[in-house]
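In terms of the UniProt record's numbering, the sequence shown opens at residue 1 and continues consecutively.
Think of the CB as a built atom: it goes at the ideal place given N, C-alpha and C, for glycine as much as any other residue.
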Amino acid sequence: MKIEPVATERLLLHPLTVAEGERIAARELLPGERWGEGYPGVGDLASVGAFLRRCAGDGDPGPYRTYQMRLREDGLVVGGIGFHGPPGPDGAVTVGYGVVPGERGKGYASEALAAVIGIARAAGAAVLRGDADPANLPSHRVMERAGMRRAGEDGGLVRYLVELGR
Numbered sequence: 001m002k003i004e005p006v007a008t009e010r011l012l013l014h015p016l017t018v019a020e021g022e023r024i025a026a027r028e029l030l031p032g033e034r035w036g037e038g039y040p041g042v043g044d045l046a047s048v049g050a051f052l053r054r055c056a057g058d059g060d061p062g063p064y065r066t067y068q069m070r071l072r073e074d075g076l077v078v079g080g081i082g083f084h085g086p087p088g089p090d091g092a093v094t095v096g097y098g099v100v101p102g103e104r105g106k107g108y109a110s111e112a113l114a115a116v117i118g119i120a121r122a123a124g125a126a127v128l129r130g131d132a133d134p135a136n137l138p139s140h141r142v143m144e145r146a147g148m149r150r151a152g153e154d155g156g157l158v159r160y161l162v163e164l165g166r
């Protein structure tokens, strides 16, 4: 399934293909491709690995996939954002994201998360969830800026959600 990139003010959310995911997992940079220092990080590799396993087991996940955060101005990959899978029986999806250390604090994660909320809404999800370590206050602010509300704590994590409607 061909999924189109999603443009925001400063980012292009590039939907990964299996071939791209395999290259990222192997840390193989193509000529002309630019990755921010620290990409792929541990979280990126975990997300890409989960994406590849889902593709192998269930086929193409459509819009509920992993996306690279690329700067629109020069294509530099500054992080990743993606769904942990398709909606569950309750219509809820979970998202995770990360930005390379040198690009944090510039609002890229909030901008990407707002776009991913739009992707989930357009694809028919009812709720989008995210979580963060209690001490990771920047991540809490990312989710709040994107319109998510704190939904409690569970399992040592602070849970956030936004209802998308159907």
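What does the Cβ neighbour count give for R70, buried or exposed, with the cut at 16 atoms within 10 Å?
Here the question's residue 70 lines up with position 70 in the sequence shown. So R70 ends up on the buried side.
Rounded separation between L30 and G80 - CA only:
Your numbering for residue 30 matches position 30 in the sequence shown. Your numbering for residue 80 matches position 80 in the sequence shown. Each residue's Cα considered, the two are about 17 Å apart.
Could you check the C-alpha separation between D154 and E9 for me, to the nearest Å?
Counted from its first residue, the sequence shown places residue 154 at position 154. Counted from its first residue, the sequence shown places residue 9 at position 9. Straight across, the Cα-Cα distance linking D154 with E9 is about 34 Å.
Cβ-based burial, R54 [other Cβ within 10 Å; buried from 16]:
Here residue 54 refers to the residue found at position 54 of the sequence shown. The residue in question, R54, is buried, as its Cβ has 16 or more Cβ neighbours within 10 Å.
Distance between G130 and G124 (C-alpha atoms, nearest Å)
Within the sequence shown, numbered from 1, the residue matching residue 124 stands at position 124. Within the sequence shown, numbered from 1, the residue matching residue 130 stands at position 130. Taking the straight line joining both Cα atoms gives about 17 Å.
Chain-order list of residues whose beta-carbon lies under 8 Å from that of A126 (same chain, five-residue window excluded):
By 1-based counting over the sequence shown, the position of residue 126 is 126. So the list reads P87, D90, G91, A92, E163, L164, G165, R166, once near-sequence residues are dropped.
Would you call the segment 106-114 in contact with the segment 29-47, where contact means no fewer than 3 C-beta pairs closer than 8 Å?
no
Here's the rule I'm using: 16 or more other beta-carbon atoms within 10 Å means buried, otherwise exposed. How should E103 be labelled?
On the sequence shown, residue 103 is found 103 positions in, with the first residue counted as 1. Classification for E103: buried.
Would A56 be called buried (16 or more neighbouring beta carbons within 10 Å of its own) or exposed?
For the purposes of this step, residue 56 is identified with residue 56 of the sequence shown, where counting begins at 1. Exposed: under 16 other Cβ atoms inside 10 Å.
Can you have a look at G82 and say buried or exposed, based on whether 16 or more other CB atoms are within 10 angstroms of its CB?
Against the sequence shown, residue 82 aligns to sequence position 82. The residue in question, G82, is buried, as its Cβ has 16 or more Cβ neighbours within 10 Å.
Within 8 Å, strictly: CB atoms of V48 and A26
As a first step, residue 48 is located in the sequence shown; it is residue number 48 there, counting from the start. As a first step, residue 26 is located in the sequence shown; it is residue number 26 there, counting from the start. The answer is no: Cβ separation not under 8 Å.
Nearest neighbour of G85, chosen from R65, P101, L76 [CA to CA]
Looking up residue 85 in the sequence shown gives position 85. The option with the nearest alpha carbon to G85 is R65.
I believe W35 touches V77 by the beta-carbon criterion, under 8 Å. Please report the beta-carbon distance rounded to the nearest angstrom.
Locating residue 35 in the sequence shown gives position 35, where the first residue counts as 1. Locating residue 77 in the sequence shown gives position 77, where the first residue counts as 1. Going by Cβ atoms, the distance from W35 to V77 rounds to 5 Å, so yes, they are a contact pair.
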